[in-house]
Amino acid sequence: MTQKRRIGVYICHCGGNISDYVNVEKVADAVKGVPGVEVAKTHVFACSDASQQEMINEIKEQHLDGLVVASCSPKLHMFTFRGMAKRADLNPYQYIQVNLREQCSWAHTSDKIGATEKGIHLLRAGIAKCALTHPLNAIRVETKPRVLVIGAGVAGMRAAIMLADMGLAVYLVERENQPGGWARVTGEQGPEKQNGDQVVSALAERIRQHDNIMLYTGAEVVSKDGSIGDFTVALRLKGSETVSLNVGAIIVATGFAPYQPRAGEYGWGLPGVVSLADFRQLLSETKGRLEYQGKPVRSVAFIYCVGSRQTESETCPEPNAYCSRYCCSATTHTAGLLRQLDAKIHQYHLYRDVRTYGALEKLYEKARTDGALFLRWTPEKPPRVETKDGRLSVLVTDTLTGNEELEIGADLVVLATGMEPRQNEGLNSILKIPESTDGFYKEIHIKLRPVETVIDGVFVAGAAQGPKALAESVASALAAVAKTGGLLKKGFVDLEPLIAKVNPEKCTWCDKCLQACPYGAIKRIHTGEKEIALVIESLCKGEGACVPVCPHDAIEIEGYRDDQIMAMIDASLKEVATP
Amino acid sequence: MNPSPKQAGPDYDVMIVGAGVAGMETAASLGDMGYKVLLVEKKPSIGGRAILLSKVFPTLDCASCIVTPKMAAAAHHPNIDVKVYTEVDGIARNADGTFAVDLHSKAAYVDFDACTGCGKCEEVCTVTVPDEYNYNLVTRRVAHIPFPQAVPKKAVIDRRGEAPCTFTCPANVKASGYISLVRAGRYKEAFNLHLENAPLVGCLARSCYAPCEQDCTRCGKEETVHIRGIKRFFADHYYADHPEPEYGPVEKQRDTRVAIVGSGPAGLSAAFYLARNGHQVTIFESETQAGGMLRTGIPAYRLPNDVVDRDIKNVTALGVTIKTSAPVGSVAELKAQGFQAVFIATGASDEKKLGVEGEDLAGVMGCMAFLRETKIGTMPDIRGKAVLVIGGGNSAMDPARSAIRMGAKRVIIQYRRGRDEMPAHDWEIKGAIEEGVELMLLSTPKRFLGKNGKLEAVECLKMQLGAPDESGRRRPEVVAGSETILPIDLAILAIGLNPSTSKFTGEVPHKHGLLKADTRTMQTADPAVFAGGDCVTGPTMIINAIGHGRRAAFYMDRFLKGEALDIEFEALLEKTDKDTVLAEAKSFRTRSPVLQPTLALAERKQSFACYEGVMTDDEARREAHRCMNCGQCAQCMECVNICPAFCIDFDMRAVAKKFTVGAVVLSTGFEILDPAAKKPLNYATLPDVIDGPQMDRLLAPTRPYNSVLRPSDGKQPESIAFVLCNGSRDQTLCNPLCCRIGCMYAIKQAQLAMGALPLADVTIYTIDVRAFGKGYDEFYEQARGMGVQFVKGKVARIEQLEGGQMELAYEDMEGAGGTQKRKHDLIVLTVGFLPNTDAFKLYKGGDLGADELNYVKEVDPIGEPGRTTVDGLFAAGAIIGARDIPDTVLHAGAAAAQAAAYLERTRSQR
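The listed protein sequences correspond, in order, to chains A and B.
Just add 7 to wherever you are in the first sequence, counting from 1, and you've got our numbering.
Just add 26 to wherever you are in the second sequence, counting from 1, and you've got our numbering.
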């Protein structure tokens, strides 16, 4: 170090989340003498506007050239404080966040002295790292004003139209031979009373009329290169023709797969046991009396939660623990359609909880008041479906009538089957979007960032992220469009400069880094008479797989350089006087 | 790809109304796309309701942790202009597809640019109100920063109007302010606050007619707050500790010289405020001692001279010179002495005459002369004499009651109208009668009879009331032939006073002796001459004269500095509507007033000692607690005095703004249903029955009690119940819809409560458990795994048991069936939502559609989420129906996309 650093250290109480266990004042005192530390203070909520303003003033007034905030996980507030540094005219990469919450106070709630000591160690390490930072600039990449939408169900189609309306070019890719997805076959949607087929036709017409949308049916994504703002995607069309597309962002709207019951599950396989989708098909085709395989239908039993809310058992080793969200509403809506067709048909609804949320409650309300019987079962005693005297018989232990086992004779048993994630291994290996525990695509944050994924520039929409009704899928698709617009309408994107850097002196090109890199961010180049590795900045994620495999220590990740790590270890090993 | 640069286009591309999760998300999305966004929030902070939550389901992230980054992102976004504490007044669609919007930024009484959010104002504020940010579980100060994570973190002061007491006071003495200071035990501050509006605190404390008390809102409850009694308490308290003022002349003295004629309340007050501004003030007093009417016109049992002396020190300490026995002959004389401005405050103490025979006899005198001689001790002995006081006003009461104290055998008040018509205060008349004064009503003197020039009797006439005169009172008419002779030793005429202005009527325009002065500035026709008090108005109240004195001083100061006089003296708000205050206070207990002790009647009749006593410390504070804080902020000025940034400004007013915007997104959220409407659950009456939002506050990191405690006794609950579906799926409250989030937040709260109180039993009473979102059912199973009990049952009734527990009766839908009962320590009602119907008021076009429950209607919920019946006016989030945060974020994204597409379309058309 040639010049003495001027580092500001701020320790957050997190309103008690940290300060209830870590004595933050002691921590501040302990680092006051550390070389380079100009300011060491505490804030009740460092992230609050007022605290930020105070820190900004201090950074400016004291001419600080390094900043350490000891607060929560960088996942939460790294960008907050980088932004703050920027507003204080401090290079955001000279800011280091120390995690005193998830990695300290919350982990050591029973040992306040120990937690305080650990806090001091962690903070000293952070300061040591900060002292070795230097100003970095974000890598600016020009974005392409074009979007690839994968999946031309209603979500994908609606997203495509909206993107085009916003002035972006769209490639809409569908594996099937026609667009529309499941909505084409689901009939009337409740409670909006629109027919899925008509929704699809209307969207298809709008797509046809849009100059800005190119629809590929019978097409599959076979490769993806590049990174946010500038992807190159290859499609394989029918007849093995391939097309290469250059897009700035990708929206994945690949939808769901309907749950396929196991043989014997609630009588699946017995004549007269049908899925909800099949039953609706039957209803929509029926004019006049409802018949199944030539026999009149006088009694229908609906079994809810088929393929949803499952618990692990021998017959169900990989249960779908989640609720499929749409089925209660779809089934109670179907009850209305059935009654419309024939009010004399007896309806038995065997449910666990009726989840007709929000305004959908009206569907349930109507079914009940129209005379459908609702019986509640628990997973401990699920309903059994048998054939008896040539007719279906459903045995159910109804918790609402004293847990007695009732026998219901039925001409049809309708299984309200849930949604499952699509098995799409080919695409998944190309996109590499992580999955949630339920198998659907994982968003960055369930609550606040439901359409973004950890793959920058790749968004998810519709039921691919989790079960959704049609309207919800469309809302999610448009939300993905909004995020895509935010990315592409600006014309550029700034990428993290905390990426790998090759030392050309040490590098001898052995290709180990190339093999280790999952992002294809290493390229061989000639420099003078030497061959060395070069990092492609826009592709490198700073993941670091290349670093340990390099036999010559010729590669480092900016922000995690060896000298920084060593300094952190040294600093954190210094003894702490027991507070 | 940037949105094309606009040519004289709208001021903003989009206005977003409401900065909760939906508004912030929409704003950030549109801002990222490069559109210029105006984000309007009526509250002082953005963040909506989500920032007030404890943690969120199903991730159990701390709500602050996930919402503050969103808030910061919106606040610091280069394309987003956030306007908090701003209301939208109207939205109208223009023919070209843009919208004309009217807004006003509300007066926060804090300069947001200067406020540092230090919170010192909050610490010293003396008024508390229910804390809406803690769902009224606790109180907060009127000067407040909404919550620790507020963005922007600025203080706001709630003022909904001027307190009636302050508004009514002719000098606008901040009664509400000193009452709240006394309540807080800050007596010296109360005194100093009083000095800001009137320097004669001791005199007012004893002899003000207190119009404030007549206008006190508490009169609508049981009886006025005894404001003057409170003043008496702190005035005496202060003077006991401070025989001399704590200040001297102000540092910055000017060379301007002002003459004030008359040292009564008007003159003294004008002198005080002029001297505070550094002017050289001389008061000329014709009497031998200063004080005017205060000294000579008010009997000692009401106002002893030592109090007048001490009050006058408040004025003289500033360097004011009082020249006594120094009558002034004319304005010209003063000008010749080099005074640049003159204030005439000579009062009205010239006695009126009846004009009847015998008025010159010895033993017939004016009331002012009688009071003056009594007070200075030159009045002859009247023990055993018969005294007749003629007149029915307050000025008749003073001599009558004095005469009793001087040992008169008989004291009669003669008045030509009836008891009801007497202009004196009722309490004065009652007090006089109590002390033995007789009333001779409908009677008037015909002539005074005497021997050797000395009064012996009064010949009286009977009167009767005829038709009303111009004042609306019935005119008294003489009953012919009704003469009677009444033996009387002393007759005191209390029939009115004339202005004492004879010296100036040649120089200053006047009407019947009343000097003509501008009512706003008190300036007379001569710009250098101002006049105020009784010499302008005729006899009124002390406080009126003081008001004139301060007003005149304000404009004289400007005159002397060569500044224009066309600015407002004091900008008051409207008077607070008392019905509003009383409606809020419906649940208030009746609090009997603390009356000042009064001297026993027997003692009173024999002594000129003050008959009113002083409240004790406790009594004064108790009485001060009866104040209902009508205006919210009491203007005690503690915040102004402590603010290190000098950013508090009570003159701040709402500022209207107009903009043209390219599109509008409404994201005004939802309202929370008040479960009090479900009477059998006793939410309103049982303190330990709370609602879901309150429970969330109890569990939040910035929680009010720093632990989960039941509100009634601060005990940690051992058994907690959550009762679902109150006001949702609930036909009894006409809200058939499911609220979509009640089950989930109850499950969340149950898990958090188990974490906070590991030994507590937690039960959730439910119809169905609706855990339908991503990760929700897993979250429900997690709660069951933790031991939360789920009971399928509808709760019918909650009742208080002895010993703190409550009994909950429910219909057991499973298991044993029938009605079952269980006991709990704390019961949480998850509550339904109601639509926020503001949108229909804001949008002036009339064609904004609503659904059957009055949520904003979407034209095509499947294909066009976010689109309303008005093209270009979009809706985001719970405004179209209650929903959870993820669904709100998705919907907000959709609305943002819709707005962007609309902007592109309308721009290309323009």
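Heads up, the beta-carbon is just placed ideally off N, CA and C, and yes, glycines get one too.
Here the structure is a predicted model, which means the values were calculated and not measured.
Within 8 Å of the CB of A:N30, no CB atom of chain B is found; the nearest one sits about 18 Å away.
A:V461 counts as exposed, since fewer than 16 other C-beta atoms from the protein chains shown sit within 10 angstroms of its C-beta. Nearest to B:R810 by C-alpha distance, out of B:T789, B:R848, B:D877 and B:A326, is B:T789. Against chain A, the CB of B:G44 has no partner CB under 8 Å away; the residue lies outside that interface.
Our two residues, B:P95 and B:S613, have alpha carbons roughly 40 Å apart in a direct line. Interface annotation, B:G813: not in contact with chain A, CB-CB separation never under 8 Å. Residue burial is scored here from C-beta neighbours: B:D544 has fewer than 16 other C-beta atoms within 10 angstroms and is therefore classed as exposed. For A:R147, the pairing in a beta bridge is given by DSSP as A:D501.
Interface flag for A:N98 against chain B is unset, since no Cβ pair is found closer than 8 Å. The beta carbon of B:D157 lies closer than 6 Å to those of V164, T165 and R166 in the same chain, with the five residues before and after it left out.
A:H356 sits in a strand when the DSSP states are folded into three classes. Taking a contact as a CB-CB distance under 8 Å, the pair A:V228 and A:S545 does not count as one, their CB atoms being some 20 Å apart. In the same chain as B:L868, and ignoring 5 residues on each side of it, the C-beta atoms closer than 6 Å to its own belong to V114 and I117, in chain order.
Taking the C-beta atoms as reference points, A:V542 is found no nearer than 8 Å to A:I532. Membership of B:K472 in the beta strand (DSSP E) is indicated by the continuous run S469 to K477.
Under the three-state reduction of DSSP output, B:S90 falls in the helix class. In the structure shown, the three-state DSSP call for B:V534 is coil. With a threshold of 8 Å between beta carbons, B:M641 makes no contact with chain A. A residue is called buried once 16 or more other Cβ atoms fall within 10 Å of its Cβ, and B:L929 is buried on that count. Going by DSSP, B:C656 is part of no beta strand (DSSP E) at all; its letter is neither H nor E. Less than 8 Å divides the Cβ of A:V180 from the Cβ of A:V156. For B:R723, the uninterrupted alpha helix (DSSP H) segment begins and ends at G718 to L725.
According to the DSSP assignment, A:N253 belongs to no alpha helix (DSSP H) but to the beta strand (DSSP E) extending over T249 to V254. When C-beta atoms of the region 392-399 of chain B are compared with those of the region 425-435 of chain B, three or more pairs fall below 8 Å, so the two segments count as touching.
With a threshold of 8 Å between beta carbons, A:H217 makes no contact with chain B. Residues of chain A whose Cβ lies closer than 7 Å to the Cβ of B:R766 are, in chain order, Y364 and G365.
B:Q775: member of the alpha helix (DSSP H) spanning G768 to A782, first to last residue. A:S291 is outside the set of residues whose beta carbon lies under 8 Å from a beta carbon in chain B. Around B:T728, the beta-carbon contacts reaching into chain A at under 7 Å are G22. A contact is defined here as three or more CB-CB pairs under 8 Å, and the region 37-48 of chain A fails this definition with respect to the region 78-88 of chain A. Residue-level contact by beta carbon holds for B:S55 and chain A, with a gap shorter than 8 Å.
Scanning the region 409-461 of chain B for uninterrupted beta strand (DSSP E) segments of 3 residues or longer gives 412-416 and 436-440, listed from N- to C-terminal end. When the beta-carbon positions are compared, A:L175 and B:M839 stay at least 8 Å from each other. Residue pairing by DSSP places A:E393 opposite A:S400 in a beta bridge. Taking 8 Å as the CB threshold, A:T404 stays off the interface with chain B.
Beta bridge pairing from DSSP links B:D376 with B:N524.
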